[in-house]
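*Asks:*
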Amino acid sequence: MASLSGAKRIVVKIGSALLVDRDSGALRADWLRALAEDVAMLKARGADVILVSSGSIALGRGVLGLGLGTLALEQSQAAAAVGQIRLARAYEEVLAPHGITTGQVLVTLEDSADRRRYLNSRATLETLLGYGVVPIVNENDTIATDEIRYGDNDRLAAQVAVTVGADVAVLLSDVDGFYTANPVQDPGAHRFDLIEEITPEIEAMAGDAASGLSKGGMKTKLMAAKTATGAGCALAITQGAVLRPLKALEDGAPCTWFRPKGDPQAARKRWIAAMKPRGTITVDAGAVVALGTGKSLLPAGVAAVTGDFGRGDPVTILGPEGQGLGTGLTRYTSAEARLIRGCRSGDIEAILGYPGRAALIHRDDMAT
Numbered sequence: 001m002a003s004l005s006g007a008k009r010i011v012v013k014i015g016s017a018l019l020v021d022r023d024s025g026a027l028r029a030d031w032l033r034a035l036a037e038d039v040a041m042l043k044a045r046g047a048d049v050i051l052v053s054s055g056s057i058a059l060g061r062g063v064l065g066l067g068l069g070t071l072a073l074e075q076s077q078a079a080a081a082v083g084q085i086r087l088a089r090a091y092e093e094v095l096a097p098h099g100i101t102t103g104q105v106l107v108t109l110e111d112s113a114d115r116r117r118y119l120n121s122r123a124t125l126e127t128l129l130g131y132g133v134v135p136i137v138n139e140n141d142t143i144a145t146d147e148i149r150y151g152d153n154d155r156l157a158a159q160v161a162v163t164v165g166a167d168v169a170v171l172l173s174d175v176d177g178f179y180t181a182n183p184v185q186d187p188g189a190h191r192f193d194l195i196e197e198i199t200p201e202i203e204a205m206a207g208d209a210a211s212g213l214s215k216g217g218m219k220t221k222l223m224a225a226k227t228a229t230g231a232g233c234a235l236a237i238t239q240g241a242v243l244r245p246l247k248a249l250e251d252g253a254p255c256t257w258f259r260p261k262g263d264p265q266a267a268r269k270r271w272i273a274a275m276k277p278r279g280t281i282t283v284d285a286g287a288v289v290a291l292g293t294g295k296s297l298l299p300a301g302v303a304a305v306t307g308d309f310g311r312g313d314p315v316t317i318l319g320p321e322g323q324g325l326g327t328g329l330t331r332y333t334s335a336e337a338r339l340i341r342g343c344r345s346g347d348i349e350a351i352l353g354y355p356g357r358a359a360l361i362h363r364d365d366m367a368t
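Written as structure tokens, this is what we have:
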């Protein structure tokens, strides 16, 4: 069974009901400080940690005195604008004493649906993690117009896990796992410790959200589990209200684990390999050797560019004899690639007029 022990990259989803007191609308500061200890524990092992956090609307509605009723779109956006700055500051204040730097990343559904924005999101998160930062990710609720949310932060957490190639995602919930029925309504309901596959029978057992502060229910958690496990990421649903919930999970607290299908990198490469190429990049003999050792494709190794493609589009990589070497997602348009082919990465800014990325196709965006 999967666990936090040994995980190299972990995405943790935190719901509004855990962060914000339902009655007062105030931040649960003691709980958040305890969570910061968990994050510090994982970081001390060398793990990357990303927090996908709800709470901006819940915090903002408390400040604005909007109560617990259903909000109009413009009220939700106003509450998010007021609450988001408080949410970011709260995370900064609890993690700073542990020597951990935080960064705020606000995303929308379009950021994962559009390949160019997807690559931007991935590059930003990878860079932050490379600097040891803990990104705090949330839906950009101040501008989102599709029912204000991505849908819910359960599915957003799963998408983030896929984007960064996480090996574990944890959904901190108000229940300690996935049950055969709603345990509040059915005393005979029992919890699954491990779900190998999400079947139609499993889906039929899911219920809807009950909290006045959050929108996610078990249906959305199952959708998140499908997304995560399909990309090779294990996912856990566990009780989040306890102090130090991640340590509790590691120590054997009740939960439900969803088994992943393969590993994240292998799943990502299968996804890339299945794409229809929009163009072709032919490389020289030196690049063939470099790619064979798992390195990224640099502009210096490119001999020719054909086709009309945009940044983030899939392209076929060919060797000097026309042999197929794989498929990759290009970080430059076809016009830009033609301009910088054969050039050193340090010359890209002078040629294009702006700083570019060193790699034309990063090794993580390549299926060979």
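According to UniProt numbering, the stretch in the sequence shown is residues 1 to 368, in order.
A virtual CB, placed ideally from N, CA and C, is assigned to each residue, including glycine.
Return helix, strand or coil for V133, following the three-state DSSP convention.
*Replies:* Counting from 1 along the sequence shown, the entry for residue 133 is found at position 133. Of the three classes helix, strand and coil, the one that applies to V133 here is coil, per DSSP.
*Asks:* Mapping DSSP to helix, strand and coil, what is I317?
*Replies:* Walking along the sequence shown from the start, residue 317 turns up at place 317. I317 falls in the strand class under three-state DSSP.
*Asks:* Inspect the beta-carbon positions of T282 and A304 and report whether they are closer than 7 Å.
*Replies:* Reading the sequence shown from its first residue, position 282 is the one you call residue 282. Reading the sequence shown from its first residue, position 304 is the one you call residue 304. Contact: yes.
*Asks:* Determine the direct distance from the alpha carbon of I202 to that of G177, and round the result to whole angstroms.
*Replies:* As a working note, residue 177 is residue 177 in the sequence shown. As a working note, residue 202 is residue 202 in the sequence shown. Near 13 Å, if we compare the C-alpha coordinates of I202 and G177.
*Asks:* If you reduce the DSSP assignment to three classes, tell me which class R155 lands in.
*Replies:* In the sequence shown, residue 155 corresponds to position 155, counting from 1. Reduced to three states, the DSSP call for R155 is helix.
*Asks:* Quickly, what does DSSP pair S53 with across the bridge? List them, please.
*Replies:* Counted from its first residue, the sequence shown places residue 53 at position 53. DSSP, once it has assigned bridges, lists I14 as partnering S53.
*Asks:* For V170, count the other beta carbons within 10 Å of its own beta carbon; 16 or more makes it buried, fewer makes it exposed. Which is it?
*Replies:* Counted from its first residue, the sequence shown places residue 170 at position 170. With 16 or more Cβ atoms within 10 Å of its Cβ, V170 is classed as buried.
*Asks:* Are there 16 or more other CB atoms within 10 angstroms of the CB of R149, so buried, or fewer, so exposed?
*Replies:* Taking the sequence shown and counting its residues from 1, one reaches residue 149 at position 149. Confidence at R149 is low in this model, with a pLDDT of 47, below 50, so its placement is unreliable and the value that follows should be read with caution. So R149 counts as buried.
*Asks:* Suppose you measure from the CA of I351 to the CA of L156; what does that come to, to the nearest Å?
*Replies:* Numbered from 1 along the sequence shown, position 351 holds the residue referred to as residue 351. Numbered from 1 along the sequence shown, position 156 holds the residue referred to as residue 156. Each residue's Cα considered, the two are about 38 Å apart.
*Asks:* What are the partner residues of residue 373, as DSSP defines its beta bridges?
*Replies:* Outside the displayed range of the chain (1 to 368) lies residue 373, so it cannot be described from this structure.
*Asks:* Measuring only the C-alpha atoms, how far is E147 from A161?
*Replies:* The residue given as residue 147 occupies position 147 in the sequence shown. The residue given as residue 161 occupies position 161 in the sequence shown. Caution applies to E147, whose pLDDT of 45 falls short of 50 and renders its modelled position unreliable; the model cannot decide the point.
*Asks:* Name the DSSP bridge partner or partners of A169?
*Replies:* As a first step, residue 169 is located in the sequence shown; it is residue number 169 there, counting from the start. The partner list for A169 (beta bridge, DSSP) reads V11 and L235.
*Asks:* Have a look at the DSSP bridge pairing and note the partners of Q104.
*Replies:* Position 104 of the sequence shown, counted from the start, is the residue given in the question as residue 104. Paired residue(s): I136.
*Asks:* Go ahead and pull the three-state DSSP assignment for S214.
*Replies:* The residue given as residue 214 occupies position 214 in the sequence shown. Any reading at S214 must be qualified, since the residue scores a pLDDT of 41, below 50, and its modelled position is unreliable; no value is offered.
*Asks:* Is the number of C-beta pairs between the region 312-332 and the region 269-285 that are closer than 8 Å three or more?
*Replies:* Touching, per the Cβ criterion.
*Asks:* Could you give the first and the last residue of the continuous alpha helix (DSSP H) run that contains G292?
*Replies:* Counted from its first residue, the sequence shown places residue 292 at position 292. Where G292 is concerned, the enclosing alpha helix (DSSP H) stretches over A285 to G292.
*Asks:* Hey, how far is the Cα of A241 from the Cα of G328?
*Replies:* Numbered from 1 along the sequence shown, position 241 holds the residue referred to as residue 241. Numbered from 1 along the sequence shown, position 328 holds the residue referred to as residue 328. Approximately 43 Å between the Cα atoms of the pair.
*Asks:* Go ahead and pull the three-state DSSP assignment for Y354.
*Replies:* Here residue 354 is taken as the residue at index 354 of the sequence shown, counted from 1. Coil, per DSSP.
*Asks:* When burial is assigned at 16 or more other CB atoms within 10 Å of the CB, is E91 buried or exposed?
*Replies:* On the sequence shown, residue 91 is found 91 positions in, with the first residue counted as 1. A small correction: the amino acid at residue 91 is Tyr; Glu does not occupy that position in the sequence shown. Buried, since its Cβ has 16 or more Cβ neighbours within 10 Å.
*Asks:* Per the DSSP calculation, Y179 is bridged to which residue(s)?
*Replies:* Along the sequence shown, read from residue 1 onward, the residue named residue 179 stands at position 179. DSSP lists R191 as partners of Y179.
*Asks:* By Cβ distance below 7 Å, which residues in the same chain neighbour A225 in space, the five residues on each side in sequence not counted?
*Replies:* Walking along the sequence shown from the start, residue 225 turns up at place 225. So the list reads I198, L235 and F258, once near-sequence residues are dropped.
*Asks:* If you reduce the DSSP assignment to three classes, tell me which class T163 lands in.
*Replies:* The residue you call residue 163 lines up with position 163 of the sequence shown. Looking at T163 - three-state DSSP - the assignment turns out to be helix.
*Asks:* What is the rounded straight-line gap between the Cα of K43 and the Cα of D308?
*Replies:* In the sequence shown, residue 43 corresponds to position 43, counting from 1. In the sequence shown, residue 308 corresponds to position 308, counting from 1. The straight-line gap from Cα to Cα measures roughly 43 Å.
*Asks:* Have a look at the DSSP bridge pairing and note the partners of F258.
*Replies:* Here residue 258 corresponds to residue number 258 of the sequence shown, with the count starting at 1. Answer is I195 and L235.
*Asks:* One question on the structure: do G83 and S54 come within less than 7 Å of each other, judged by their Cβ atoms?
*Replies:* To locate residue 83, count along the sequence shown from 1; it is residue 83. To locate residue 54, count along the sequence shown from 1; it is residue 54. No, they are not a contact pair.
*Asks:* Is E147 helix, strand or coil by DSSP?
*Replies:* The sequence position of residue 147 within the sequence shown is 147, counting from 1. In this prediction, E147 scores a pLDDT of 45, lower than 50, which makes its location untrustworthy; no coordinate-derived value is stated.
*Asks:* Give the straight-line distance between the Cα atoms of G6 and D38, rounded to the nearest whole angstrom.
*Replies:* The residue you call residue 6 lines up with position 6 of the sequence shown. The residue you call residue 38 lines up with position 38 of the sequence shown. Near 15 Å, if we compare the C-alpha coordinates of D38 and G6.
*Asks:* Please list the terminal residues of the continuous alpha helix (DSSP H) segment that includes L66.
*Replies:* The sequence position of residue 66 within the sequence shown is 66, counting from 1. Neither: L66 is in no alpha helix (DSSP H) and is coded neither H nor E.
*Asks:* Is it buried or exposed for P200, if we count other Cβ within 10 angstroms and need 16 for buried?
*Replies:* Position 200 of the sequence shown, counting from 1, holds the residue named residue 200. When all chains shown are included, P200 counts as exposed.
*Asks:* Is M275 helix, strand or coil by DSSP?
*Replies:* Counted from its first residue, the sequence shown places residue 275 at position 275. Three-state DSSP puts M275 in coil, outside helix and strand.
*Asks:* In this structure, does DSSP put D365 in helix, strand or coil?
*Replies:* Position 365 of the sequence shown, counted from the start, is the residue given in the question as residue 365. Looking at D365 - three-state DSSP - the assignment turns out to be helix.
*Asks:* Should residue 422 and P314 be called a contact, given that it needs their Cβ atoms to be closer than 7 Å?
*Replies:* Only positions 1 to 368 of the chain appear in the structure, and residue 422 is not among them; the question remains open.
*Asks:* Residue 379: which of A290, L172 and M223 sits nearest, CA to CA?
*Replies:* No information on residue 379 is available, as it lies outside the stretch 1 to 368 that the chain covers here.
*Asks:* If you draw a straight line from the C-alpha of L66 to the C-alpha of Q77, how long is it?
*Replies:* Taking the sequence shown and counting its residues from 1, one reaches residue 66 at position 66. Taking the sequence shown and counting its residues from 1, one reaches residue 77 at position 77. C-alpha separation (whole angstroms): 12 Å.
*Asks:* Tell me which same chain residues have a C-beta within less than 6 Å of the C-beta of A26, skipping the five on either side of it?
*Replies:* Along the sequence shown, read from residue 1 onward, the residue named residue 26 stands at position 26. Cβ neighbours of A26 beyond the five flanking positions: none.
*Asks:* Within the same chain, show all residues whose beta-carbon is closer than 7 Å to that of A290, passing over the 5 residues directly before and after it, in chain order.
*Replies:* Within the sequence shown, the letter at position 290 stands for residue 290. Counting only Cβ-Cβ distances below 7 Å, and skipping sequence neighbours, we find G301.
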